[in-house]
Amino acid sequence: MNINELIFSNKLILRLARHLLFWACFFVYTVFINVRVQHIAHFFLSNTYPQPIILALATLPGCIFSVYLFLNFLFPLLVKKKYWWFGAAAAVVLVLDCSLELYFYLLSKPYVCPDCDGVTLREKINIMGAWGVNVAFMLGAIALGIKFTKEWYLQQARNRMLARKKIANELKLLKSRIQPDFLFETLQALHNKITVDKTQAAELLLSFADLLSYMLYECDDDFVLVERELAIVKEFTALEKVTNQIDLLLKEEIFLTAQVKFIPSFILISLIQNICVACAKNQLQNKSSVTVEIYHQNNYLCCDIHIQSKNTSYLKPVWYAIINALIDRLQTLFEDSFKLHAQEKDEDEFSIYLSLLLLADFPGKNPAYVPAKIDSYATI
Numbered sequence: 009m010n011i012n013e014l015i016f017s018n019k020l021i022l023r024l025a026r027h028l029l030f031w032a033c034f035f036v037y038t039v040f041i042n043v044r045v046q047h048i049a050h051f052f053l054s055n056t057y058p059q060p061i062i063l064a065l066a067t068l069p070g071c072i073f074s075v076y077l078f079l080n081f082l083f084p085l086l087v088k089k090k091y092w093w094f095g096a097a098a099a100v101v102l103v104l105d106c107s108l109e110l111y112f113y114l115l116s117k118p119y120v121c122p123d124c125d126g127v128t129l130r131e132k133i134n135i136m137g138a139w140g141v142n143v144a145f146m147l148g149a150i151a152l153g154i155k156f157t158k159e160w161y162l163q164q165a166r167n168r169m170l171a172r173k174k175i176a177n178e179l180k181l182l183k184s185r186i187q188p189d190f191l192f193e194t195l196q197a198l199h200n201k202i203t204v205d206k207t208q209a210a211e212l213l214l215s216f217a218d219l220l221s222y223m224l225y226e227c228d229d230d231f232v233l234v235e236r237e238l239a240i241v242k243e244f245t246a247l248e249k250v251t252n253q254i255d256l257l258l259k260e261e262i263f264l265t266a267q268v269k270f271i272p273s274f275i276l277i278s279l280i281q282n283i284c285v286a287c288a289k290n291q292l293q294n295k296s297s298v299t300v301e302i303y304h305q306n307n308y309l310c311c312d313i314h315i316q317s318k319n320t321s322y323l324k325p326v327w328y329a330i331i332n333a334l335i336d337r338l339q340t341l342f343e344d345s346f347k348l349h350a351q352e353k354d355e356d357e358f359s360i361y362l363s364l365l366l367l368a369d370f371p372g373k374n375p376a377y378v379p380a381k382i383d384s385y386a387t388i
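Residues in the sequence shown are numbered from 9 upward in steps of one, following my numbering.
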């Protein structure tokens, strides 16, 4: 059992444990503040503690009553935004707190000070203010704040989990939704190649099979080796040159030390493929040209894509849609460990720059792993 389980688990034994721990800490604190000593040696005398313990026991029932009323009755009213009912209920709890604290103080008074006179009205008012308002009622309010903080944290955790599921589902959709235009053109080009050059056609067919295998089966994990993602990008580039739909040029310079590190899976290939398909679908007068530069800089994998096409402003919404989908996935998986720029240089040129922090280990192997954060931003 760790501290996270103790705080957030709904198991009965752990819930009882954390509540008992809370009340034990509160009891010790109450005893301590009621101790009256004139010398440090008095802390070690047995007759120092009976009266503070009795006072702490007298305080405890009203505090327990207040805390659980706040948690079980007032908290739901706030959640449902019934503020008038909450205010009325809080006033009732305040009166009950003062009454309970006064009642148990009167019970403990003979044991705390047997030789004292009767409790005056002024003393009763002071007890109701000090114990009922400042201790019991305020402790209930603090418990309510803790409850809200805990619920907020759990809601954030649920949101993160749902976001990851959404990204995982979108990734599955991307893998299952192979671009039909790309698929048709590639198969048509392979068919033509078979009649001309069977040897090259066989090599291209293996590349096509490798690309499909990666898309459908090999990128189930959130992260993948750089060398594997680069290999698939090269396969796609080779196939795209065969289809001859656009001019695609790949420039790659990655050190061996960087190739054995990890990046989010299906990032580079999906980005490049979506750009190429968008260019092929929107041919105007001349064939589009896409230059992809992939290189290693410090501990980052950089991908610089330059797109040249007639009237790129016509395609601008397409580029932004591709980038927004990429940002959503990276923000969930990578948080602040990426950089992304998009820029329209002129009417015929558009550029996209992506930088990813390289990970030395696969996060799935270590649930506690969190990638180091860098100053990131995404502008479109």
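C-beta: ideal position from N, C-alpha, C; glycine also. Please read all numbers here as calculations on a predicted model, not as lab measurements.
With contact defined as three or more Cβ pairs closer than 8 angstroms, the region 61-69 and the region 86-97 are not in contact.
Rounded to the nearest angstrom, the gap between the Cα atoms of ASP125 and LYS117 is 10 angstroms. Scanning VAL268, LEU219 and ALA138 for the CA closest to the CA of ASP369 turns up VAL268.
Per DSSP, the beta bridge partners of PRO272 are PHE231. Counting only runs that start and end inside the region 287-362, the beta strand (DSSP E) elements of at least 3 residues fall at 297-305, 308-316 and 346-354. Taking the C-beta atoms as reference points, PHE346 is found no nearer than 7 angstroms to LEU334. When the five nearest sequence neighbours on each side are left out, the beta carbons in the same chain lying within less than 6 angstroms of the beta carbon of TYR303 are those of GLU261 and CYS310, in order along the chain. ALA98 and LEU82 do touch by the CB rule: their CB atoms are close to 6 angstroms apart, below 8 angstroms. With a 10 Å radius around the Cβ and a threshold of 16 neighbouring Cβ atoms, ILE275 comes out buried.
PRO272 is classed as buried because its beta carbon has at least 16 other beta carbons within 10 Å across all chains shown. Counted as a single uninterrupted DSSP element, the stretch harbouring LEU257 is not any alpha helix (DSSP H) but the beta strand (DSSP E) occupying residues 255-261.
The beta carbons of PHE270 and LEU367 sit closer together than 7 angstroms. Rounded to the nearest angstrom, the gap between the Cα atoms of LEU68 and ALA171 is 43 angstroms.
Under the three-state reduction of DSSP, LEU365 is assigned to strand. By alpha-carbon distance to LEU162, the top candidate from ASP344, PHE16 and ARG236 is PHE16. Per the coordinates, the alpha-carbon of PHE342 lies some 60 angstroms from the alpha-carbon of LYS132. If you draw a 10 Å sphere on the C-beta of ALA144, you find 16 or more other C-beta atoms in it, and that means buried. For the options HIS27, LYS259, VAL250 and TRP139, the alpha carbon positioned closest to that of LEU213 is the one of VAL250. Apart from sequence neighbours up to five positions away, the residues of its chain that approach PHE73 with a beta-carbon distance below 8 angstroms are LEU104, ASP105, LEU108 and ALA144, ordered along the chain. Between PHE34 and the set LEU14, ASP312 and GLY70, the nearest pair of CA atoms involves GLY70. If you compare the alpha carbons of ASP336, PRO84 and TYR57 with that of TYR119, the shortest gap goes to TYR57. For the set GLY148, VAL241, ILE135 and VAL43, the Cα lying nearest the Cα of PHE30 is the one of GLY148. Sorting ALA25, ALA210, ALA266 and LEU258 by C-alpha distance to the C-alpha of GLU235 places ALA266 at the top.
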